[in-house]
Every structure is written in structure tokens, then in C-alpha cells.
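Report on one structure; see the data block that follows.
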Amino acid sequence: MESVFDDILVDYGQPGAVSDVKKYGSGHIHQTYLVNSDAKQYILQNFNTNVFPFPDRIAKNLKIVNQHLTGKQLDFNLVLPMKTVRGSLFSDLDQSAYRLFPFISGECIDKVSSTEQAYLAAQAFGGFVKACIGIDTSELEEVIDGFHNLSLRYRQFENALKETKVELHAEAQELVEFYKRQVLLVRKYKYYEENLPLRVTHNDTKINNVIYDKNFSKINAVIDLDTVMPGYIFYDFGDLVRTVSCTEEEASLDWDKIDVDLDKYAALLKGFVAALGSDLTAEEKNSLPFGGEMMACIMGLRFLTDYLNGNIYYPIAYPEHNLHRAKNQSLLLKALQNKREDIDQMMKEV
Ligand code: GN1
Ligand code: MG
116 MESVFDDILV DYGQPGAVSD VKKYGSGHIH QTYLVNSDAK QYILQNFNTN VFPFPDRIAK
176 NLKIVNQHLT GKQLDFNLVL PMKTVRGSLF SDLDQSAYRL FPFISGECID KVSSTEQAYL
236 AAQAFGGFVK ACIGIDTSEL EEVIDGFHNL SLRYRQFENA LKETKVELHA EAQELVEFYK
296 RQVLLVRKYK YYEENLPLRV THNDTKINNV IYDKNFSKIN AVIDLDTVMP GYIFYDFGDL
356 VRTVSCTEEE ASLDWDKIDV DLDKYAALLK GFVAALGSDL TAEEKNSLPF GGEMMACIMG
416 LRFLTDYLNG NIYYPIAYPE HNLHRAKNQS LLLKALQNKR EDIDQMMKEV
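Counting the sequence shown from 1 gives a position; the numbering used here is that position plus 115.
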């Protein structure tokens, strides 16, 4: 197997032979590996062309962003895919497309353990949006059509429910009813869609998409830039809320422990607002608490839709996996809704 990886290094004009390959990280979409050669370390990804059918759009967006950021002071690295000797972003092997990235050392986590870590992540993702101000969003492509469009995702859920071949047991039925009741969020989404400016957003601001330095004293890098495209500010704040302020990870089945940690929430808010400051419109600031609810809702809807569709999008380890992911997000959403008054109060103080 290693010789296959050697061929990839050759394709990228990298010296040395591969000595070790290990699965890496907890991403759902691409298969990711840490590759050790006798010269260097790399991240290698088996790129998922089903989920990203238009890799050219990713390349175009990242080129525009990269050009815009050249010469600007960013406090962290943006990790871009390397180019092969032929100038391609992919190396094709066994009918799969592989990408190589430089390896950035540091700590990549699925759960923060302090408010400082929360603050740093929010400041970095906010800093990314800030640094991209000035890019004409109409020049960027939509990498995945309607990716965070809540109206669309809700319709896809309704269709899946109509067409599903899955026999819904009581727990599944209860979840379906819960998500059906979230129409108010869809209505609010439409309001913001009409009233907020489009920004260049990251759109996958999960906590495991930053790399801290080894002391957790700063962010070394922001990674996973495939979904960089035009979006609303609350997407990026919302996915941070979803993955940082929740007391349990997205994969947790400890239903009773799923709650919102308000101290971490406050740290996110402070970090994000510190980075973007007066660049946020008043309406954008108001939309931030909605973002947490909306992103928990959209992820839950997507997991549940996938369950109803027979698990064709997210890899699963057991039949109810997507159902359980949807349940986890529903409990987080409930917790966010229950604590909305505290969160609104917090907003006034920032
Ligand atoms: C996927 O591959 P990964 O884990 O970085 C998904 C995100 C979801 C996330 C849920 C392209 O991201 O939208 O938030 O799973 N990415 C895509 O963990 O669908
Ligand atoms: Mg990822």
C-alpha cells in the first residue's frame, strides 16, 4: 500500500519515501490520513466527489480568497491544498482523487475544555470573515448548492419523510415531530436572508477545524476551507455555538448531559465580536443567537433526512447512527431555546 502513497508524493514533486500512513481526524466527508515520509509529514485526503461534485468551484473561490489575503496580516495560517507538478490540485489513483496538504502541527480537538479555547476559536473564525471583507461575493461560486439554506433543507426533510421506506418507531416519530415544529426558525431564516449582507464565510466552523498551538495559547491554523463561499455571518457563529458551547460532542449519546454552557457561549460571543467589531451591522449582531439555533436545526434536519433516505450522505457505524446524531442536535436546540433569555441578556452586555 505504501508504494501507492509513494506515487502520490512523486506526483506532488515531494522528496522521500512514505514510511507510515494513519487515519486522521474525525471529519465525515473526506477520508483523511496523516502521512509520514522520511523527509516530512503531510495530510492526505481521499476527496469525496459525491459531496463536492464541483471541485473547480472550490479552487476558484480559494484562489480569489488567497489573492485577496496576500500581503494582509492574518494571525494564523490558512491551510490550502498543494499543487502537483502538473499544476493540478488532485492526484488521481485507483479512480479516486487525492489531495495533499502540508501538515500543521498542534492540537485539533472535538471539545474545548476552557473559555479561553472558545474565545480563541471564535476570534480566529471571526478574523477570517473580517480579513475577507472587500472581496466581491458575487465573484465566488456556491460550492454546494443551498448548503446552509434552511428553507431548502426543511423542504428536503419533508420530501424524505414522504418518500421514506424506513419504518418509523416511536423515538424516530418523536424526532420527526420535533423538527416539523421548527418552522418558526425557517421563517426567521427567510427574514435574515432578505435583510443581511452576504459575506465570505467559512461555513464549517466546527471546533475541529482549527489547530491550536501545543499550549492552547493561540490558533496555528484554520483548516477545511472547501466550503468557503458567500454566506451569512450567523452561519459561522452558529456552527461555533453548536460545537463549542454544547456540553457534549456531536457524537454523544449521553442525552441527559446535553446542555448549553453559557460561559463558553459568552466567550464565543466576545471572541467573535472582538474580531469583527464595528464591521458587523446591528442586524447582523442581532442574528447571532439565531445562528446557534439555526445551525443545530439544520444539522439535525440533515442527519434526520439522511436517516430517512437510507443513509446515503453521512457514513454510519450502525443503523440508527444518523437518527442519534439528529437526536443529539435536537437536544442542543431545545437547550438553546430554553436559555434564550439568558443569551439575549448576554447580547446586551457585549
Ligand atoms: C461535515 O466532513 P466534516 O465533518 O468536516 C459537513 C458539515 C457538518 C459536519 C457535521 C460538506 O463536515 O456541514 O457540519 O459534517 N460537511 C459537508 O459534523 O457536508
Ligand atoms: Mg472538517
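Glycine included, every Cβ here is placed at the ideal spot set by N, Cα and C.
Relative to the C-alpha of residue i, which candidate in the options has its C-alpha closest?
{"i": "F405", "options": "E222, Y304, S211 and V133", "result": "Y304"}
{"i": "A539", "options": "N424, I173 and G241", "result": "Not covered by the structure: residue 539. The range shown for the chain is 116 to 465."}
{"i": "G407", "options": "K372, N310 and N453", "result": "N453"}
{"i": "D209", "options": "S402, D135, Y429 and F120", "result": "F120"}
{"i": "Y347", "options": "L383, A174 and N401", "result": "N401"}
{"i": "Q288", "options": "L423, E309 and R417", "result": "L423"}
{"i": "L299", "options": "E286, S228, N318 and C412", "result": "C412"}
{"i": "F418", "options": "K226, Y157, H143 and L311", "result": "H143"}
{"i": "D159", "options": "G415, L368 and F218", "result": "Per the sequence shown, the amino acid found at residue 159 is Leu instead of Asp. Among G415, L368 and F218, the Cα nearest to that of L159 belongs to F218."}
{"i": "E286", "options": "N437, P130, N192 and L124", "result": "N437"}
{"i": "E162", "options": "S152, G202 and S211", "result": "Just to set this straight, residue 162 is Phe in the shown sequence, not Glu. Of S152, G202 and S211, the residue nearest in Cα terms is S211."}
{"i": "D421", "options": "A381, V281 and D319", "result": "V281"}
{"i": "L276", "options": "H284, A381 and V291", "result": "V291"}
{"i": "K449", "options": "I322, G415 and K463", "result": "G415"}
{"i": "S141", "options": "S134, R302, V133 and N323", "result": "N323"}
{"i": "C247", "options": "E399, A432, L391 and E398", "result": "L391"}
{"i": "V166", "options": "V465, F262 and L313", "result": "F262"}
{"i": "D171", "options": "L193, M344 and Y350", "result": "M344"}
Pull up the DSSP beta-bridge partners for residue i, would you.
{"i": "K138", "result": "Y148"}
{"i": "E222", "result": "Y327"}
{"i": "N161", "result": "Q146 and Y213"}
{"i": "N192", "result": "A336"}
{"i": "C361", "result": "V375"}
{"i": "P312", "result": "DSSP, once it has assigned bridges, lists no residue as partnering P312."}
{"i": "G346", "result": "R314"}
{"i": "V301", "result": "Beta-bridge pairing links V301 to no other residue."}
{"i": "V133", "result": "S152"}
{"i": "S206", "result": "Y213"}
Counting only the same chain and skipping the five closest in sequence on each side, list residues whose C-beta sits under 7 Å from that of residue i.
{"i": "D378", "result": "T230"}
{"i": "A381", "result": "M461"}
{"i": "F191", "result": "A239, I334, N335, A336 and V337"}
{"i": "F243", "result": "H317 and V337"}
Taking buried to mean at least 16 other C-beta atoms within 10 Å of its own C-beta, is residue i buried or exposed?
{"i": "T200", "result": "Per the sequence shown, residue 200 should be read as Val rather than Thr. The residue in question, V200, is exposed, as its Cβ has fewer than 16 Cβ neighbours within 10 Å."}
{"i": "S253", "result": "exposed"}
{"i": "N330", "result": "exposed"}
{"i": "T185", "result": "exposed"}
{"i": "I326", "result": "buried"}
{"i": "H145", "result": "buried"}
{"i": "R440", "result": "buried"}
{"i": "K484", "result": "The structure shown has nothing for residue 484, since the chain only spans 116 to 465."}
{"i": "N310", "result": "exposed"}
{"i": "T320", "result": "buried"}
{"i": "T316", "result": "buried"}
{"i": "A233", "result": "buried"}
Got a sec? Which residues, its chain only, sit under 8 Å from residue i by beta carbon, not counting five neighbours each side?
{"i": "L195", "result": "L177, N181, F216 and L340"}
{"i": "K198", "result": "Y127 and L204"}
{"i": "D328", "result": "G221, E222, I334 and N335"}
{"i": "K372", "result": "T362 and E363"}
{"i": "I250", "result": "I179, V180, H183 and V315"}
Going along the chain, which residues of its own chain have a beta-carbon closer than 6 Å to the beta-carbon of residue i, five neighbours each way excluded?
{"i": "T279", "result": "L423"}
{"i": "L149", "result": "K137 and Y139"}
{"i": "M410", "result": "G353, D354 and R357"}
{"i": "A237", "result": "L355, L383, G386 and F387"}
{"i": "K154", "result": "Checking the sequence, you will find Ala at residue 154 rather than Lys. Excluding positions up to five away in sequence, the list reads P130 and G131."}
{"i": "L189", "result": "A246"}
{"i": "D374", "result": "T362 and A450"}
Query raised in the report: How about the region 264-283 and the region 354-372: do they share at least three Cβ pairs that are nearer than 8 Å?
Result: no
Report task. Assess, as a yes-or-no matter, whether the region 330-340 is touched by the region 443-453 under the definition of 3 or more beta carbon pairs within less than 8 Å. Result -> no
Query raised in the report: For the region 248-262 against the region 276-296, are there 3 or more C-beta pairs whose distance is under 8 Å?
Result: no
Requested in this report: Could you tell me whether the region 417-431 touches the region 455-464, using the rule of 3 or more Cβ pairs below 8 Å?
Outcome: no
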